[in-house]
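Beneath this line is the structure, given in structure tokens, with notes to follow.
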Amino acid sequence: MADNKRIFIKGNEAISRGAMAAGLKCYFGYPITPQNDIPEFLSTELPAAGGEFVQAESEVASANMLLGAAAGGARAMTTSSSPGVSLMQEAISYLAGSELPAVIVNINRGGPGLGDIGSSQGDYFQSTRGGGHGDYRTIVLAPGTCQEGYDMMIEAFDLAFKYRNPVLVLGDAIVGQMKEPVTPWVPEKINNYGAEDWCLSGAKGRDKRLLKSLFLEDGALASQNIHLQEKYAALQAEARADVFACDDAELVVVAFGSIGRIVKSSIRRLRAEGHKVGLVRPLTLYPFPANVLEDLAKQGKKFLTIEHNCGQMVEDVRLSVRKYGDSDFHGHMPGNLPGSDDFVEPILARLGR
Amino acid sequence: MSAEQIVFEAPEIMIDRPTHYCPGCHHGIAHRLVGEVLTEMGLVDDTLCVGSIGCSVFIYNYLNVDAVEAPHGRAPAVATGLKRARKDKFVFTYQGDGDLASIGMAEIIHAANRGERISVVFVNNTVYGMTGGQMAPTTLIGQKTTTCPGGRCADREGSPIRMSEIIGGLGGTAYCERASLDSVKNIRRAKKAIRKAFEVQQQGIGFGFVELLSGCPTNWRMDAVAANKRITEEMIPYFPLGVYKDVTAEGGCECSESKEDK
Ligand SMILES: Cc1ncc(C[n+]2csc(CCOP(=O)(O)OP(=O)(O)O)c2C)c(N)n1
Ligand code: SF4
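This is the structure in structure tokens:
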């Protein structure tokens, strides 16, 4: 399928193809705009490649089918958009509690409630704070280009199996719907990190296996939570960010996903005019690249967080830089599509202070 | 040694430990029947169990098979994913009436309708056992529970839902039978029903469903004998025993009460 020739495709298709390159075996989903290209693409391509495609009766069911396939050790995924992802939170909590690897793609649209079908980053809190019940975290990747959509699917499956944890890919309607050249590639080797040793495959010749999240004996849940928290702490090693023009910058803008990419255009323009501005674009939202920001804060830089929401990631930025400084915030309201012009004034205003 | 002779042994698949169920509860019998059928069908090594919520959440402590735990009501969806990932394995869910007929109504209907190659053991005791005896979708008219203390009233709470009748009517269902655990004769029949529901999965024909009318003496506030009597006298008339669908039978679907019961 992927023969390394550049192809001109939508972000949603790049995500679908990336998942298949990562060895996707089972897909479960339910239609919702603006991610429908993913199930539509996979409904033909995945069965043709020997995989399973199920249009579930709801997002509740898709996410639980995902849980079942993950328990069977398969590379499995579901995709949706905001209201659908809200319905998946129950199963995501169970996936995290039972330590099962799975990939969930959210092509974020405007909310709250039914919102609109336009782009938004309003699900940042839901993605990075758990979203469902209990003390758990999902790994969160944030693509800003179609190529990153492709690449991050391969990374998502790898991280899911490495840590036996659900991984969320948080795109948005811009990333999902725009078309760009993408260079497909296939990983040399798919590493399932010993999934054969814990997945359900029938207890022939060995002790039975049990995958569960109920821990009733005295202290058992506490031990499980200690174990999970240690895992989340170890995850910090996976934090990544795209750092652009920060060396001599007075002001560092922090923005993620498609907005980070639009902000980059604004910054290029401002740089050309001689303004000392740079950009940190977190590629992992959980674990958050706090060290990168802390180092920059130590150098006395000022910060402005720009998001396509009413102020969510800015809390993580503030936590990262708090020993040395603070961050301002500029929110572009969901329901309006931004261009690079929209960010020039807010950046200049912060620079001038 | 005494002169006592063992004439009856538990199948090897059953883990030798006391169950946590109340005296007179039928979950233990249902587990045993499932264990016997799996053993007799030679499926022990290839079985994947999907546990659910309710008193039976610990079924995985009693059967020596691989298992995963599903959220409340979602076992048919979890089983769908598991079977799709492991097509060569035998996958079954074990669910109570609150689990299957209330919160999990959508999941069971659609898994059956898709004809998922899974089997479902449905334990209907007309009440939420684990959470302390609240009303279930199957609670009989007039039955008192902690959330319908005056007795269930059709006008207020709706009528008890008959699941086998619904599942039997769906296209993907290959076998659907309602059986009961109130008497030795019915227990024997229940085992055959479980076997049929399991066989259609093995044959790759479609979805298998078996409903077991069961007692919850604790929440019914009765002793075990009275609970059995209640199944015979009150439950069976409302939930008729019999085969509701059998695509393996000559002439296709059968939707009437089994003749043997008359
Ligand atoms: C989402 C969710 N809601 C509620 C519960 C609480 N709960 C646990 S068991 C149960 C009822 C189970 O009743 P049933 O399925 O009839 O099984 P039984 O205990 O009678 O065997 C409920 C409501 C839960 N675990 N999850
Ligand atoms: S509460 Fe009812 S269903 Fe639960 S173990 Fe006791 S008798 Fe059985």
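As you go down the protein sequences, you meet chains L and D in turn.
Quick note: the first sequence uses the working numbering, first residue 1, plus one each step.
Quick note: the second sequence uses the working numbering, first residue 1001, plus one each step.
Just so you know, even glycine gets a beta-carbon here, dropped at the ideal spot from N, CA and C.
Query: Any chain D beta carbon closer than 9 Å to phenylalanine 303 (chain L); Result: no
Query: Whole beta strand (DSSP E) elements within the segment 93-163 of chain L, 3-residue minimum; Result: 102-108 and 139-141
Query: Residue interval of the beta strand (DSSP E) (run including serine 1119 (chain D)); Result: 1119-1124
Query: Contact check, valine 277 (chain L) vs glutamate 307 (chain L), beta carbons under 9 Å; Result: no
Query: Continuous alpha helix (DSSP H) assignments of at least 4 residues falling wholly in the segment 291-342 of chain L; Result: 313-321
Query: For aspartate 1088 (chain D) and proline 1240 (chain D), the rounded distance between their alpha carbons; Result: 34 Å
Query: Whole-Å CB distance - valine 85 (chain L) paired with glutamine 126 (chain L), under 8 Å assumed; Result: 7 Å
Query: Enclosing alpha helix (DSSP H) for phenylalanine 41 (chain L) [first to last residue]; Result: 37-48
Query: Per DSSP, the bridge partner or partners of serine 1180 (chain D); Result: D:Leu1213
Query: Inter-residue Cα distance where the pair is valine 1184 (chain D) and arginine 1221 (chain D); Result: 23 Å
Query: Cutoff 9 Å: glycine 84 (chain L) Cβ touching any chain D Cβ; Result: no
Query: Proximity test, Cβ basis, 9 Å: arginine 1114 (chain D) and chain L; Result: yes
Query: Alanine 48 (chain L) Cβ short of 8 Å to ligand 1 heavy atom set; Result: no
Query: Residues, ordered as in the chain, of the segment 214-247 of chain L that lie near chain D by beta-carbon distance below 7 Å; Result: Leu214
Query: C-alpha distance - aspartate 116 (chain L) paired with glycine 110 (chain L), whole-angstrom precision; Result: 5 Å
Query: Beta strand (DSSP E) runs contained entirely in the segment 3-32 of chain L, provided each spans 3 or more residues; Result: 7-10 and 26-29
Query: Given 8 Å, three or more beta-carbon pairs between the segment 146-155 of chain L and the segment 61-68 of chain L; Result: no
Query: Which of helix, strand or coil DSSP assigns to tyrosine 193 (chain L); Result: coil
Query: Check: cysteine 246 (chain L) C-beta below 8 Å from any heavy atom of ligand 1; Result: no
Query: Helix, strand or coil at threonine 1218 (chain D) according to DSSP, with G and I counted as helix; Result: helix
Query: Contact between the segment 1007-1019 of chain D and the segment 1169-1184 of chain D (3+ Cβ pairs under 8 Å); Result: no
Query: DSSP three-state assignment for cysteine 1022 (chain D), whether helix, strand or coil; Result: coil
Query: Pairwise C-alpha distance: phenylalanine 1207 (chain D) and glycine 1047 (chain D); Result: Sequence check: residue 1047 (chain D) is threonine here, not glycine. Rounded to the nearest angstrom, the two C-alpha atoms are 16 Å apart.
Query: CB-CB length for valine 1068 (chain D) against leucine 228 (chain L), believed under 8 Å; Result: Rounded, the Cβ-Cβ distance is 18 Å, inconsistent with contact.
Query: Distance between proline 1023 (chain D) and threonine 1218 (chain D) (C-alpha atoms, nearest Å); Result: 8 Å
Query: Residue nearest to glycine 1098 (chain D) in terms of C-alpha spacing, selected from D:Thr1080, D:Arg1086 and D:Gly1133; Result: D:Gly1133
Query: contact_flag[the segment 249-267 of chain L, the segment 333-346 of chain L] where n(CB pairs < 8 Å) is 3 or more; Result: yes
Query: Contact list for the segment 87-103 of chain L against chain D, Cβ threshold 8 Å; Result: Glu90, Ala91, Tyr94 and Ser98
Query: Aspartate 172 (chain L), buried or exposed, once every other Cβ within 10 Å from all chains shown has been counted against 16; Result: buried
Query: 9 Å Cβ cutoff, glutamate 1069 (chain D) in contact with chain L; Result: yes
Query: Among L:Asp316, L:Pro101 and L:Ala297, nearest to threonine 284 (chain L) - alpha-carbon criterion; Result: L:Asp316
Query: Under 8 Å by beta carbon: chain L residues contacting alanine 1079 (chain D); Result: Gly68
Query: Identity of the residue in D:Phe1198, D:Leu1140, D:Tyr1094 and D:Pro1137 nearest threonine 1039 (chain D) by Cα; Result: D:Phe1198
Query: Ligand 1 heavy atom lying under 8 Å from the CB of proline 34 (chain L); Result: no
Query: Own chain partners of isoleucine 92 (chain L) with C-beta closer than 7 Å, once the 5 adjacent residues on each side are dropped; Result: Ala63, Ile104, Gly131, Gly132, Thr138 and Pro166
Query: DSSP-derived helix/strand/coil call for arginine 281 (chain L); Result: strand
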